[in-house]
Each structure stands twice: as C-alpha cells, then as structure tokens.
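**Q**
Residue numbers (our numbering): 68 to 467.
Below, the structure is given as structure tokens:
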C-alpha cells in the first residue's frame, strides 16, 4: 500500500481536500434551489461517496507488496481487527448524520453560515480530542490559539446569520402588493405555498439580493423557508457540528488503536481499510434514512417513492459528482492526518472559505445586504483564514 510520510505531502493532501470538501455542499444546495428533492439528491450522493472509498482502497491500498506486518487492503479485510473496524464504522455513522442534517440546514440557514458554524464546532471539539489521541505530536502553543480563532468564528457566524435574516425581512417588508397577481408580499410569514405557486416569478429573472429574487427562489426551491423558525436551522447546524466533531477522533482510534483494543500481533488498520469500513456504515445509514424520508418526509416536503427517485434524472450528474468530491476529500483528509496528525488535518475545516465563495458566486448570498452584515461577514472570514493558517502551522510528524 502507499504510505504518505512527508509533511509537505500531508499539507498538499489537506489543501486538495479543502477544495473538494468545500465544493460538494454547494452542489447539493444548487440542486435544492432548483427544486430537486433532497432525498433524491442524497441517495445519488451516497452511491458515489461510497464508490470513492472503494476506488481509493483498490488503488492506493493495493500498491506494493503485502506482508503480515504491513498488509494491503484486501489482506487486511480477513484479519481479526473488528474492534478497530467498529471505531471506523462509528465515525461513518456520525458523519452520515451530520451530512444529512446540513443538507436541510443549508436551506434554512444558508450555505456559508452553516459551513462556518459546523466547521468551527468540529475544530473546537474534534481537534482538542485528536491532539491528545495523537500523543501531542502537534505544537500546543500554536494549535490551541488556532482553535480559539475557530471558536470566535462560531460567534461571528451566528451574528452574520442574524443580521442577514433581518436584512431579508426588511427587503420583503418593503415589497409592494402586486395587484396584477393578487399576491400580498408585505410579510415573509404571510406567503403560502399556493400563493407562491400562482406567482410567475420565474419570468422576473430578478437580481440577486432583491425581494423579488427571494420570492422567486422560494417558489422554485424544494425546501420552503418562508415562515420557518430560524431555530430549526440553527439546531440542525449545531447538531451537525457535534456529529462532525466526533468522526475524525473515531477514525484516529481506528487507525492508531490508542485504547489497545486489538489483539497482540494484529497490525493496526491502514488508512484505506479504515476508510472503507467508515464509508460502508456512512453509505448504509444514508440510504436507509433517505429511503424512509421518501415516504415520511420532514419539513413539509412532498412524499415521493423509490420509483420516482430512480426516474428523477434532473440534476443527477451534479449529485453524483458531489458524492465523489466528498468521498475523495475525506480520503485525502485522513491520509494527511495519518501522516501529520489528525489535529492538524482538521485545517480542512476551512471549507467554509470555499463554500462562501460558491454561495456568493452561485446563489447571490449577501447581495444588497446591510453594512453591518458585510462587516460581520468579512470579520468572520478573516478570523477563519487566521485560524486555518495557525492550525496548519501546528503540523507534526507521526512515526510510522
């Protein structure tokens, strides 16, 4: 198997993972805003997310000769390492729950803020746990100031969401009554799905950031957000953050066996075998839950069927691409973490920098917002950049 050992190679893996992991949420958000049901999207995503792990395992995990002390992927599948495999599968379960929660949080809170809050919680909790699991190979005097910067970013992210929500409400409150269509738009909560279905806002091609744009978006998207409490979105966001903070430490335990659960003489799981088990549990939980959501949807989404999902090719290519990006991104993160320490690898949680770029470019987030929102947004991103730089500077080197 291929073993990544250099610090430079680990950082390169982290940077590539950063781009992949920051892009796939934008693709899921794009499909939701075009009206594709999230259950359909997540089922497609789950397939290629798992396929990415299989490809990594059968390529990088099978390079070179295999031995009893350093087994390749397939040989390790037959060894008595189920205690470590269970840690890996546990990590996949919490990651799947986190990804599923963020899919709905993206719509209710926004792509940028959701990513910032979840990533920051992941770093504050997960990085601290990984630091101690990795026997303190990262520089504490650099690592923990970076963690503090992420914590500040959480507070700023919440403030950005609150300010932007107030901006959007003010825009909708100023929208005059459209007498031609008979639609009263004086209050966001007054919109009903039937009203929005009657309004021909597709033909408006409204500019991003305007009240007409917000109504047009509500009419098109699959998850309706007008009248929804921001508490639901923030709850899903913080729940996802807690889930994300647990998957990396679980993977760390799977590959390094700090709790000594393996029998004497049994080699540790290599990163590729652990990632395979990790992705198996992630795949099955995601598929089971989303098939259930087809028939018992949440957030007032329409019911659908498995047959309808199979026949829904609208945007399927983007959903499949999102799964590949997430799968390869996670694999690269774990490769970098095994080489330089999983605490430093949590620098890939800088993914909100990428997601915010896509949110502004593709979805018009923060267009025509108040100066207060812009100041908070810039402060949040600046603090995030500082935190990522500090976290990468704390990288260590694991003795193989």
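C-beta: ideal position from N, C-alpha, C; glycine also.
Remember, predicted model here, so these are calculated numbers, not experimental data.
What's the gap between the Cα of residue 208 and the Cα of residue 460?
**A** Here residue 208 refers to the residue found at position 141 when the chain shown is read from its first residue. Here residue 460 refers to the residue found at position 393 when the chain shown is read from its first residue. Distance between the alpha carbons of residue 208 and residue 460: 10 angstroms.
**Q** Rounded to whole angstroms, what's the CA-CA distance from residue 391 to residue 230? Just pull it up for me.
**A** Taking the chain shown and counting its residues from 1, the one referred to as residue 391 is at position 324. Taking the chain shown and counting its residues from 1, the one referred to as residue 230 is at position 163. Going from the Cα of residue 391 to the Cα of residue 230 covers about 34 angstroms.
**Q** Mind checking which residues open and close the alpha helix (DSSP H) that includes residue 228?
**A** On the chain shown, position 161 is the one that residue 228 refers to. Segment 207–240, the alpha helix (DSSP H) holding residue 228.
**Q** From this set, 174, 80, 105 and 322, which residue's C-alpha is nearest residue 430's C-alpha?
**A** Within the chain shown, residue 430 is the residue found at index 363, counting from 1. Considering only alpha carbons, the answer is 174.
**Q** For residue 444 versus residue 121, is the C-beta distance shorter than 9 angstroms?
**A** Counting from 1 along the chain shown, the entry for residue 444 is found at position 377. Counting from 1 along the chain shown, the entry for residue 121 is found at position 54. Against a cut-off of 9 angstroms, the Cβ pair of residue 121 and residue 444 comes out as no contact.
**Q** Would you be able to state if there are at least three C-beta pairs under 8 angstroms between the region 212–220 and the region 176–192?
**A** Contact holds: three or more Cβ-Cβ distances are below 8 angstroms.
**Q** Are at least three pairs of beta-carbons, each pair with one atom in the region 415–432 and one in the region 367–380, less than 8 angstroms apart?
**A** No: fewer than three Cβ pairs fall under 8 angstroms.
**Q** Please report how far the alpha carbon of residue 72 lies from the alpha carbon of residue 422, in whole angstroms.
**A** In the chain shown, counting from the first residue as 1, residue 72 sits at position 5. In the chain shown, counting from the first residue as 1, residue 422 sits at position 355. One C-alpha to the other measures close to 29 angstroms.
**Q** Taking 6 angstroms as the limit between beta carbons, can you name the residues of its chain near residue 319, skipping five residues before and five after?
**A** For the purposes of this step, residue 319 is identified with residue 252 of the chain shown, where counting begins at 1. Once the five neighbours on either side are set aside, the close Cβ partners of residue 319 are 197, 200 and 409.
**Q** If distances are taken between C-alpha atoms only, which option among 84, 79, 115 and 146 comes closest to residue 416?
**A** Counted from its first residue, the chain shown places residue 416 at position 349. Among 84, 79, 115 and 146, the Cα nearest to that of residue 416 belongs to 84.
**Q** Within a Cβ cutoff of 6 angstroms, which residues of the same chain sit near residue 168, ignoring the five residues on either side of it in sequence?
**A** Working through the chain shown from its first residue, we reach residue 168 at position 101. For residue 168, where only same-chain residues beyond five positions count, the Cβ hits under 6 angstroms are 303, 306 and 307.
**Q** Helix, strand or coil for residue 145 per DSSP?
**A** Working through the chain shown from its first residue, we reach residue 145 at position 78. It is coil, neither helix nor strand.
**Q** Using a 10 Å radius around the Cβ and a threshold of 16 neighbouring Cβ atoms, would you call residue 326 buried or exposed?
**A** Your numbering for residue 326 matches position 259 in the chain shown. The residue is exposed, with fewer than 16 neighbouring Cβ atoms inside 10 Å.
**Q** CA-CA distance, residue 76 and residue 176?
**A** To locate residue 76, count along the chain shown from 1; it is residue 9. To locate residue 176, count along the chain shown from 1; it is residue 109. The alpha-carbon atoms of residue 76 and residue 176 are separated by roughly 36 angstroms.
**Q** Look at residue 350 and residue 114 and say whether their C-beta atoms are less than 9 angstroms apart.
**A** The count along the chain shown starts at 1 and reaches residue 350 at position 283. The count along the chain shown starts at 1 and reaches residue 114 at position 47. Yes; because the gap between Cβ atoms is below 9 angstroms, this pair is in contact.
**Q** Between residue 50 and the rest of its own chain, which residues show a CB-CB distance below 6 angstroms, the 5 nearest in sequence each way excluded?
**A** Residue 50 lies beyond the residue range present for the chain, which begins at 68 and ends at 467; the question has no answer from this structure.
**Q** Does the distance from the CB of residue 298 to the CB of residue 105 come in under 9 angstroms?
**A** What you label residue 298 is simply residue 231 of the chain shown in a count that begins at 1. What you label residue 105 is simply residue 38 of the chain shown in a count that begins at 1. Not in contact: residue 298 and residue 105 (Cβ atoms no closer than 9 angstroms).
**Q** Output needed for residue 324: all residues of its chain with C-beta closer than 7 angstroms, excluding positions within five of it in sequence on either side, in chain order.
**A** Your numbering for residue 324 matches position 257 in the chain shown. Same-chain partners within the cutoff: 151 and 335.
**Q** Please check the pair residue 333 and residue 146, which I expect to be a contact at CB under 8 angstroms, by giving their CB distance rounded to whole angstroms.
**A** Taking the chain shown and counting its residues from 1, the one referred to as residue 333 is at position 266. Taking the chain shown and counting its residues from 1, the one referred to as residue 146 is at position 79. Confirmed, Cβ separation roughly 6 angstroms.
**Q** Give the straight-line distance between the Cα atoms of residue 159 and residue 345, rounded to the nearest whole angstrom.
**A** On the chain shown, residue 159 is found 92 positions in, with the first residue counted as 1. On the chain shown, residue 345 is found 278 positions in, with the first residue counted as 1. Their backbone Cα atoms lie some 4 angstroms apart in a straight line.
**Q** Which two residues bound the contiguous alpha helix (DSSP H) that contains residue 111?
**A** What you label residue 111 is simply residue 44 of the chain shown in a count that begins at 1. Segment 105–126, the alpha helix (DSSP H) holding residue 111.
**Q** Taking C-beta to C-beta, are residue 385 and residue 88 nearer than 9 angstroms?
**A** Here the question's residue 385 lines up with position 318 in the chain shown. Here the question's residue 88 lines up with position 21 in the chain shown. No; because the gap between Cβ atoms is not below 9 angstroms, this pair is not in contact.
**Q** Can you tell me whether residue 286 is helix, strand or coil according to DSSP?
**A** Position 219 of the chain shown holds residue 286. Of the three classes helix, strand and coil, the one that applies to residue 286 here is helix, per DSSP.
**Q** Answer yes or no: do residue 128 and residue 139 have a C-beta to C-beta separation smaller than 9 angstroms?
**A** Taking the first residue of the chain shown as 1, we reach residue 128 at position 61. Taking the first residue of the chain shown as 1, we reach residue 139 at position 72. In this structure, residue 139 lies closer than 9 angstroms to residue 128 by Cβ.
**Q** Excluding the five sequence neighbours on either side, which residues of its own chain have a C-beta within less than 7 angstroms of the C-beta of residue 401, listed in chain order?
**A** Position 334 of the chain shown holds residue 401. Contacts found: 318, 338 and 342.
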